[in-house]
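Protein chains in written order, with this note's numbering: chain A, 1 to 166; chain B, 167 to 451. Heads up, the beta-carbon is just placed ideally off N, CA and C, and yes, glycines get one too. This structure is a prediction, so every number in the text was calculated from the model and none was measured. Input: a single structure, listed below in structure tokens.
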């Protein structure tokens, strides 16, 4: 394959997939500033690993898995945790007027979930993946995904109940 | 009343950046091409290492068992976590470590050694030792498990990201009592090879009798009930790990079982004490 053809195919793949990957990284990682970098890095790694790029659906799954893994690796670093905490505080001070109060409560509750639970919730309800597909991205069993989502939902319900006026 | 799933979807849609398509930044294509070239080179290097390892193993097996040697001059002492760092140095950068080259290992200096906390498991794990291997963090922890006796876990990488291995004094796949339970592990990120194990109270010292005739003695961490040890070895190290009692009698011997380095980002394990391996936190698919 000539360099220009390869470059054009890469550009097409980039345009098709990276926007969604940015959104996924922002939700899983909780840091919208870092999401662009993570999505870009994930694209380079995924495209650099695949010898052929004919199977677009496989590329999507690999890219998603790489995004989740990069978010996880990044989240393990304490400095990033601190930055995220600051970002949350900032959000509370300056909430976007386009979002409802209910959504902000739920968003904060989502941000307080353990990272793996949050990733499972994002993959299931934002990416609309099946348990099997989410398990592939998280590298665990579908049963584990089910358990993670169940625990996350229970925690979210509990948190919302606390926030609601009695 | 909207159900929680719908509210969640709406919330995430509202907060996520809009997934618009975006143009590929300049130089991305060249980065992808360079990465592909590196990936191919790595695959070739692993294949060559595998062939060389197999050839070395064949030569070793063909030459017959090596005669027992007296304890050599090279002795590695495992300090307690509170002692200042000890370093046995073979200068080499991580990626440049070739066959026969010992990795640089430092004890101590890790601010917060990694302890793997399992979800739902109430195992009281404590850190036995920690340090750096070729500049990468490692940690050795121990805990008691009802069905498995005394167990240890060796993790490599910041927050255990390069993976780990668990070994125990009782292993279902290897029934019966043994004075020496070992797990050989190859961490694909590096790569780095290590042997860790747990010895019975009858064992006074554990010695690595290497195929090249050299010896390394590991001592147990002082002031600890658990008789755990770890030794990071060259990626192609072969030989036996031998347990001796106080009178110098050989109590048990286990082969150094790691044949070849694990593929990048994978963790492989072997040995009569191997319980499980923990995969690397992968940044690659």
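**Item:** Cross-strand partners of residue 361(B) (DSSP beta bridge)
**Value:** Residue 361(B) has 350(B), 397(B) as its beta-bridge partners, per DSSP.
What residues in the stretch 17 to 33 of chain A have a beta carbon less than 7 Å from any beta carbon of chain B?
Contact residues of the stretch 17 to 33 of chain A toward chain B are 18, 19, 20, 22, 23, 26, 27, 32 (C-beta to C-beta distance below 7 Å).
Report task. Would you kindly work out how many angstroms separate the C-alpha atoms of residue 119(A) and residue 138(A), rounded to a whole number? Result -> Each residue's Cα considered, the two are about 8 Å apart.
| query | By the 10 Å Cβ neighbour count, where 16 or more other Cβ atoms means buried, how is residue 187(B) classified, buried or exposed? | reply | It counts as exposed.
If you follow the beta strand (DSSP E) that residue 318(B) is in, where does it begin and where does it stop?
Start and end: 315 to 322.
Item to check | Interface flag, residue 194(B) vs chain A, CB-CB below 9 Å | outcome: Flagged as an interface residue toward chain A: residue 194(B), by a C-beta distance shorter than 9 Å.
Item to complete: Would you mind telling me which residues of chain A sit closer than 7 Å to residue 198(B), beta carbon to beta carbon, in chain order?
Response: In chain order: 10, 44, 47, 48.
request  = Output yes or no for whether 9 Å exceeds the beta carbon distance between residue 48(A) and residue 211(B).
outcome  = Contact annotation: residue 48(A) and residue 211(B) have beta-carbon atoms that are not nearer than 9 Å.
Counting only Cβ pairs nearer than 8 Å, list the residues of chain B close to residue 121(A).
What residue 121(A) touches in chain B, judged by beta-carbon distance under 8 Å, is 174, going in chain order.
Point to revise | Where residue 138(A) falls: helix, strand or coil (DSSP) | key: Residue 138(A) falls in the helix class under three-state DSSP.
Assuming contact is defined by CB atoms lying nearer than 9 Å, are residue 408(B) and residue 346(B) in contact in what I supplied?
Against a cut-off of 9 Å, the Cβ pair of residue 346(B) and residue 408(B) comes out as a contact.
Any contact between the stretch 412 to 425 of chain B and the stretch 324 to 336 of chain B? By contact I mean 3 or more CB pairs, one from each, below 8 Å. Touching, no, given that fewer than three Cβ pairs across the two stretches are closer than 8 Å.
* Please name the residue, chosen from 352(B), 353(B), 385(B), that lies closest to residue 367(B) on a Cα-to-Cα basis. => Out of 352(B), 353(B), 385(B), 385(B) has the C-alpha closest to the C-alpha of residue 367(B).
**Message:** Can you confirm whether residue 7(A), when its beta carbon is compared against all beta carbons of chain B, has any partner nearer than 9 Å?
**Reply:** Yes, residue 7(A) lies at the interface with chain B (some Cβ there is under 9 Å from its Cβ).
| message | Using CA atoms only, rank isn't needed, just tell me which of 215(B), 189(B), 169(B) is closest to residue 402(B). | response | Checked all of 215(B), 189(B), 169(B); the closest Cα to residue 402(B) is 215(B).
Can you tell me where the alpha helix (DSSP H) with residue 308(B) in it begins and where it stops? Run containing residue 308(B): none in the alpha helix (DSSP H); it sits in the beta strand (DSSP E), 302 to 311.
- Task: Kindly list, in the order they appear in chain A, the residues whose Cβ is closer than 7 Å to that of residue 170(B).
- Result: Under the 7 Å cutoff, chain A gives 153, 156, 157.
Next on the checklist: Is residue 202(B) close to chain A? Criterion is C-beta to C-beta, closer than 9 Å.
Outcome noted: By this cut-off, residue 202(B) is an interface position.
If we ignore side chains and look at the alpha-carbon of each, how far apart do residue 22(A) and residue 6(A) end up? When rounded, the distance between both Cα atoms is 23 Å.
Please report the straight-line C-alpha distance between residue 314(B) and residue 67(A), rounded to a whole angstrom. About 37 Å.
At a Cβ cut of 8 Å, what residues of the stretch 277 to 306 of chain B count as close to chain A, listed as they run along the chain? Within the stretch 277 to 306 of chain B, no residue has a Cβ that lies closer than 8 Å to any Cβ of chain A.
Task: Same chain, Cβ closer than 7 Å to residue 441(B), five either side skipped, listed in chain order - done: Non-local beta-carbon contacts of residue 441(B) in its own chain, meaning distances under 7 Å to residues more than five positions away in sequence, involve 314, 317, 332, 333, 334, 337 in chain order.
Q) Can residue 109(A) and residue 154(A) be called in contact, C-beta distance under 9 Å? A) At the C-beta level, residue 109(A) and residue 154(A) stay beyond 9 Å of one another.
- Task: Express the C-alpha separation of residue 150(A) and residue 130(A) in angstroms, rounding to a whole number.
- Result: Those two C-alpha atoms are separated by around 14 Å.
Does residue 186(B) come within less than 9 Å of chain A when only Cβ atoms are used? Chain A contact via Cβ: present.
- Query: Who are the neighbours of residue 15(A) on chain B, taking C-beta pairs under 9 Å?
  - Reply: Under the 9 Å cutoff, chain B gives 187, 188, 189, 190.
| message | If you reduce the DSSP assignment to three classes, tell me which class residue 344(B) lands in. | response | In the three-state reduction of the DSSP assignment, residue 344(B) falls in the coil class.
Simplified DSSP assignment, three categories, for residue 9(A) = Of the three classes helix, strand and coil, the one that applies to residue 9(A) here is helix, per DSSP.
| query | Cα separation between residue 278(B) and residue 62(A)? | reply | Note on geometry: alpha-carbon atoms of residue 278(B) and residue 62(A) lie some 32 Å from one another.
Assigned exposure category for residue 292(B) - 16 Cβ within 10 Å defines buried: Burial call: exposed.
Report task. Please report the Cβ distance between residue 177(B) and residue 106(A), rounded to the nearest whole angstrom; I am assuming they are in contact, meaning their Cβ atoms lie under 8 Å. Result -> Yes, they are in contact, since the Cβ atoms of residue 177(B) and residue 106(A) sit about 4 Å apart, within 8 Å.
Worksheet entry | Contact check, residue 282(B) vs residue 324(B), beta carbons under 9 Å | Not closer than 9 Å, so no.
From this set, 213(B), 301(B), 327(B), which residue's C-alpha is nearest residue 398(B)'s C-alpha? Nearest of 213(B), 301(B), 327(B) to residue 398(B), Cα basis: 301(B).
- Task: Give a yes or no on whether the C-beta atoms belonging to residue 27(A) and residue 381(B) are separated by under 9 Å.
- Result: No. Outside cutoff.
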